[in-house]
Each structure stands twice: as structure tokens, then as C-alpha cells.
Amino acid sequence: MTSVTLSALAVAAIVITSGCSGSGEPQPVEKPLPDGLVMHVDQSRMERTGREAFVRIDNGTRRSLTVEALRLTSPRLPDITWKGREVVGATYQGDVEVELPPGRCGTDVDATVTLTYRLGDGPVTVSTGPADDIYGAIGLIADRDCAQKTLATAADVTVGAPTVDGEGLDSVLRLPVTLAPTGRTSGVRFAGFESTVLFRQTSDSAADVSVPLDAGDPTTTQVLSVVPTRCDPHALAEDKVGTLFGVRVRGTGLADDATFYLPLTQGQRTGLHDFFGTHCGFSRP
């Protein structure tokens, strides 16, 4: 009687565990991406100073989707993994936030996402599908990383303290940027600064130049000279991207419009915002 009972229990144990992993968890089912499920990669305008981005999941399956993990791959980025729990209701969108690592030089983002998820009350499923860079934001980040890395290889970049010449509406803020060639590469040039929505460059700013940074080229200091685009206190109060000055870089393997954001400290950004108020004659909010 005892031997029969033990044998029955053993058979039952085999049946129960046959669909489980060694940890006791069921193995995910691999399937094609379900019809109606579309993915995008993007970055919010509010996050342009950082590396935060998101994978947006458009759930058109008419069933609730519970995301448990994802892996984002792209030739422009190291692999990005995420684990957690994000529920995307039927016919709704859901965003999984990720932190972008430094990007690589290249052309197309060509992102793919491998999702681990449950559809309704179904089993844990793994599917892989494309995630388009819907507004080109991720490609721009990778391009900026490439431009910054290229310039950093060619020259040591030092941003000095901002100074102000003149008073009131006649005042100009000047920010010196020193470029010291390293000799580690050739064919790279600094091509000037870009204005922002908050500040425009004056006629004597280094906006359109061509400074070679090869071995033997001299160390130079290029000056970014700016004034407020317009004296609008609301623009200053709501500013998120007004101190993101583009730095143009030219060289082999770079896009014709390759730029990256001038690296500024919080103190330098504060100085720019304070200057906006004193130039225009009102206190910073």
C-alpha cells in the first residue's frame, strides 16, 4: 500500500513540474509579437538635459497587457534591460522608462525590443519586435554622444566662468571655451556654437568658425557671447532647454550637422538665468 502511494505521488510530481524551470517558475512561451501591439522609443522634451527615455507600448490587442521585463537592442546603443511591472490596459498606451547609456557613432537606430509579458490571464510570453524611433529623438542622442566623444578625443575641452560686459539692455554674457588638441586623432574641427530658444548669439560670438584640432594645432579659446532672445519673464520661468547650447563638430564619420550640448555646470546655468533677468530689468522668478 505504501509503495503504491509513493509511486503515485512520484508520477504526480513529474506531471506538475514538467512545465517548470529548475526554480519552480513556468518557462516563458516564445511567440511572435501579437497583432495590434506596436512599440516606439522616444524621449520627453522635459528630459532633454538627461538620459531618461522610454519605450512606448501601444496596446491594440483589446486585452490587458502586463509587462514584466524588456530588453532594448540597437546598433547605436549598448543593450538596455528593464524588469518590473507595467500594466497597459486594452487599447491604451504604456511607457516603460529606461536610462540611455552613451551611444555609438553610426546611422540608423534600428531598435528592437524583447518583451516578457502576460496578455490577459495568459501565460508568461516572450516576443521580439521592432521599436521605431518615432520622432528621431534617440538617434539625435546617439549622434550627440558621437559628436561629443569625437571632440573629446581630439581636444581637451574646458568651459570657463561666464562674465558680463555692459549693463542692462547693453549687456552681453560671454562664456569662454578652451580647446587644447590632444594629438590622438586627426581631421576633427570645431565649427561653432548654436543659439537656443532663450539666448541668441551676438555678432562677435564663435557661431560659424572652422577650428582644426589636429596634433600641432594651437590651443584656442572660443567665446560664446549671448543676449536674451527676447525679454519674456514667462519664457525664463518655464525654461527647460534654454541653456542647451549646441556645439558643432566636423570630422570623418560624423553627420554634416553633428552637434552636442555644451557641458555646463549648474552654477554656469544659474549664471545664464540670472543674466537674463538683469539684462531685461526684472528679477529671476
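Mature numbering (1 follows the signal peptide of the UniProt record, and there is no 0) puts the sequence shown at residues -23 to -1, 1 to 262. All C-beta atoms, glycine included, are put in the ideal place defined by N, C-alpha and C.
Short Cβ contact (9 Å threshold) for residue i with residue j
i, j, result
"Q70", "P139", "no"
"S182", "V203", "yes"
"G80", "R33", "no"
"L150", "F176", "yes"
"L77", "E29", "yes"
"S41", "L96", "yes"
"T43", "E63", "yes"
"F252", "T173", "no"
"P3", "P100", "yes"
"V86", "I115", "yes"
"A192", "G143", "no"
"L201", "A132", "no"
"T130", "P5", "no"
"Q199", "F167", "yes"
Residues of its chain near residue i, where Cβ-Cβ distance is below 7 Å and the 5 sequence neighbours each way are ignored
i, result
"residue 335", "Nothing can be reported for residue 335, as the shown portion of the chain is limited to -23 through 262."
"H17", "R33, A108, D109, I111"
"T197", "L156, V188"
"A184", "G169, F170, Q178"
"A232", "D120"
Contacting residues, own chain, Cβ-Cβ under 6 Å from residue i (five flanking each side not counted)
i, result
"L10", "S104, G106"
"C82", "C123, G230"
"D216", "L175"
"A46", "K60, T93"
"V35", "In the sequence on display, residue 35 carries Asp and not Val. Only V15, Q70 meet the Cβ criterion."
"L128", "V226"
"T58", "R48"
"V65", "I34, N36, L42, G71"
"G228", "T127, G164, V165"
DSSP three-state assignment for residue i, whether helix, strand or coil
i, result
"R22", "helix"
"Q243", "helix"
"P210", "helix"
"G254", "helix"
"T50", "strand"
"T127", "helix"
"G145", "helix"
"L150", "strand"
"G248", "helix"
"D122", "helix"
"L117", "helix"
"V174", "coil"
"K60", "strand"
"S41", "coil"
"D35", "strand"
"E215", "coil"
Selection from the options that minimises the alpha carbon distance to residue i
i, options, result
"D147", "V65, P52, K217, P205", "P205"
"A212", "S187, R225, C257, R53", "C257"
"T68", "G145, C208, D12", "D12"
"V224", "T198, H250, Q125", "Q125"
"V141", "P153, D133, A132", "P153"
"P55", "T89, H250, V65, G66", "T89"
"P158", "P195, G145, V186", "P195"
"H250", "V218, L239, G228", "V218"
"G145", "F237, C208, Y238", "C208"
"L239", "V134, A214, S180, R53", "V134"
Check: residue i C-beta below 8 Å from any heavy atom of the ligand ZN
i, result
"V44", "Annotation note on the ligand ZN: not contained in the displayed structure, which lists no ligands."
Proximal residues to residue i (C-beta, below 8 Å), its chain only, five neighbours per side dropped
i, result
"D19", "A30, F31, R33, D110, I111, Y112, A114, I115"
"P118", "In the sequence under discussion, the amino acid at residue 118 is Ile, which differs from the Pro named in the question. For I118, where only same-chain residues beyond five positions count, the Cβ hits under 8 Å are Q20, R28, A30, L77, G80."
"R39", "G13, A67, T68"
"G248", "A138, P139, L150"
Whole beta strand (DSSP E) elements within the region 82 to 115, 3-residue minimum: Here the runs fully enclosed are 89 to 96, 101 to 110.
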